[in-house]
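Heads up: the structure comes next, in structure tokens.
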Amino acid sequence: MSVLKRAKVTFRPSGRMIDVEVGTVILSAAQNVGEDIDAVCGGKGRCGKCKVKAFGDISDITEEEKRFFTEDELASGWRMACRTKV
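Under our numbering, the first residue of the sequence shown carries the number 96, and numbering increases by one thereafter.
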């Protein structure tokens, strides 16, 4: 029997927190806790509007993110909430 790994996500500046399964997309975690993140394309990775600063143990940068951010922005923690997994 495998145990699902969990992670805690904290949203700033609200301080809202949620415990999610590892692999959950940040946008989904935000929606589940009532955080408002602009996602015009519905989380399909097409609009680049769901920009967030993300830190901690997160997924690697995706090709979609490379289209919407400069290398400096990515290096400073900017990510797309619909493409970044906890």
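Each residue gets a CB set at the ideal place from its N, CA and C atoms; glycine is no exception.
Boundaries of the alpha helix (DSSP H) in which residue i is found, first to last residue
i	result
residue 117	Counting along the chain, residue 117 falls outside any alpha helix (DSSP H), and DSSP gives it neither H nor E.
Proximity of residue i and residue j at Cβ, strictly below 9 Å
i	j	result
residue 100	residue 120	no
residue 165	residue 178	no
residue 107	residue 129	no
residue 124	residue 104	yes
Residue of the options minimising C-alpha distance to residue i
i	options	result
residue 153	113, 180, 115 and 102	180
residue 176	115, 167 and 160	160
residue 162	155, 102 and 142	142
residue 109	151, 132, 102 and 140	132
Endpoints, beta strand (DSSP E) assigned at residue i
i	result
residue 180	No beta strand (DSSP E) contains residue 180, which DSSP labels as neither H nor E.
- Do the stretch 168-176 and the stretch 146-158 touch if we need at least three Cβ pairs shorter than 8 Å? Taking 8 Å as the limit for Cβ pairs, the verdict is that the stretch 146-158 does touch the stretch 168-176.
- Query: Residue ranges of each beta strand (DSSP E) run of no fewer than 3 residues wholly in the stretch 128-166, ordered along the chain?
  - Reply: With a minimum length of 3 residues, the continuous beta strand (DSSP E) runs that stay inside the stretch 128-166 are 146-148.
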